[in-house]
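One structure below.
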Amino acid sequence: MASRLRKTRRLRGGRHMGWGQVGQHRASGHKGGLGITGMKKHHRSTMIKEDPDHYNHTLPKTPHPNITKKWTSLRDLDDLFAKFGKEEGGKRIVDLESAGYDKLLGGGKITNAYSVKVPQFTASAEEKLKAVGGEVLVNNG
8 MASRLRKTRR LRGGRHMGWG QVGQHRASGH KGGLGITGMK KHHRSTMIKE DPDHYNHTLP
68 KTPHPNITKK WTSLRDLDDL FAKFGKEEGG KRIVDLESAG YDKLLGGGKI TNAYSVKVPQ
128 FTASAEEKLK AVGGEVLVNN G
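Everything in the sequence shown is counted per our numbering, starting at 8 for the first residue and increasing by one.
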């Protein structure tokens, strides 16, 4: 049979030959638009995931970021002395600054006298340390 008489010659421009049913492989209708269409609407999640710099600027940062501070109380000084402390000339010295602590709080009771190196401390912590013969050493530099 000659190819010009075959049934496929008749179907060549119609919807039953090539890309299947109506709408398939026609322009960009099947993907939600051409180019950046729908970036503020139905393609927003795709834009956030794949192109976070779409608007050519970064999101504003919070003016006061959350800074994690590490505090400890007087009641924990015995345990901290066992980990980070040392004795020099009869004094028990606990260097909380090099151990990563930012502040000494006055919670709990204390029986041993310590010399504590710490950047910040509360008034009650200083009072309780001085009452048992200890001191707070602050690095002013």
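Virtual Cβ for every residue (Gly too), placed ideally from N, Cα, C. None of the values given here were measured: they were computed from a predicted structure.
Per DSSP, the unbroken beta strand (DSSP E) holding D102 starts and ends at 98-102. Secondary structure within the segment 108-138: the beta strand (DSSP E) runs of 3 or more consecutive residues, fully enclosed, are 110-112, 122-124 (chain order). Between D102 and L81, the alpha-carbon positions lie close to 13 Å from each other. According to the DSSP assignment, L144 belongs to the beta strand (DSSP E) that extends over 142-144. When the beta-carbon positions are compared, R99 and G107 stay at least 8 Å from each other.
Contact between the segment 51-63 and the segment 113-132 is absent, with fewer than three C-beta pairs closer than 8 Å. Of the residues assessed, A130 falls on the exposed side of the cut-off, its CB having fewer than 16 other CB atoms within 10 angstroms. T79 has L111 as its beta-bridge partners, per DSSP.
When the beta-carbon positions are compared, K110 and K76 come within less than 8 Å of each other. Contact check for L84 against Y121 passes: the beta carbons are separated by less than 8 Å.
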